[in-house]
Amino acid sequence: MEECIFCKIVNKEIKANVVYEDEKVMAFYDINPQAPFHVLLIPKKHISTLLDIEEDKILISEMMVKIKDIVEKIGISKSGFRTVINCGKDAGMDIFHLHIHILGGRRLSWPPG
8 MEECIFCKIV
18 NKEIKANVVY
28 EDEKVMAFYD
38 INPQAPFHVL
48 LIPKKHISTL
58 LDIEEDKILI
68 SEMMVKIKDI
78 VEKIGISKSG
88 FRTVINCGKD
98 AGMDIFHLHI
108 HILGGRRLSW
118 PPG
């Protein structure tokens, strides 16, 4: 099994442009941004997908609350932003480590893809 790139970022084996970090989560800019601001919020603990949350059910709620701090810090709280969680290959999930996309900085269209 291939090692998880997000786990390597958490372990500081790979550099990332980190915008937020605490003992449970980390947020950093996506290296392939789909909007002027595209940040990924991840749990530090490896959880493959949203469906794999077991004893960490409260963690997803905590992550959602952290989004407010992140969008205020990067300056998109007033203009608006979108959050996305992909779950599985058909949803477009490429890295199987739970992550929330936070996108903003321009008008986002719908449907997304």
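Numbering (the working numbering), first residue to last: 8 to 120.
Every residue, glycine too, gets a C-beta built ideally from N, C-alpha and C.
Whole-Å CB distance - F6 paired with I83, under 8 Å assumed: The requested residue 6 is not part of the displayed model; the chain covers only 8 to 120.
Same chain only: Cβ atoms within 7 Å of T90, ignoring 5 sequence neighbours per side: One-based indexing of the sequence shown puts residue 90 at position 83. These residues qualify, in order along the chain: I74, I107, H108, I109.
Cβ contact (3+ pairs, closer than 8 Å) linking the segment 13-25 and the segment 57-64: no
L110 - DSSP class collapsed to helix/strand/coil: Translated into the one-based positions of the sequence shown, residue 110 becomes position 103. It is a strand residue.
Residues sharing a beta bridge with V91, DSSP: Walking along the sequence shown from the start, residue 91 turns up at place 84. Partner(s): H108.
Unbroken stretches of the alpha helix (DSSP H), 4 residues or longer, contained in the segment 31-101: Runs of the alpha helix (DSSP H) inside the segment 31-101: 64-81.
First through last residue of the beta strand (DSSP E) which encompasses E28: Here the question's residue 28 lines up with position 21 in the sequence shown. 25-28 is the span of the beta strand (DSSP E), which, as asked, contains E28.
Buried/exposed call for M70, threshold 16 Cβ in 10 Å: If you number the sequence shown from 1, residue 70 lands on position 63. When all chains shown are included, M70 counts as buried.
C-alpha distance - F13 paired with S116, whole-angstrom precision: Working through the sequence shown from its first residue, we reach residue 13 at position 6. Working through the sequence shown from its first residue, we reach residue 116 at position 109. When rounded, the distance between both Cα atoms is 28 Å.
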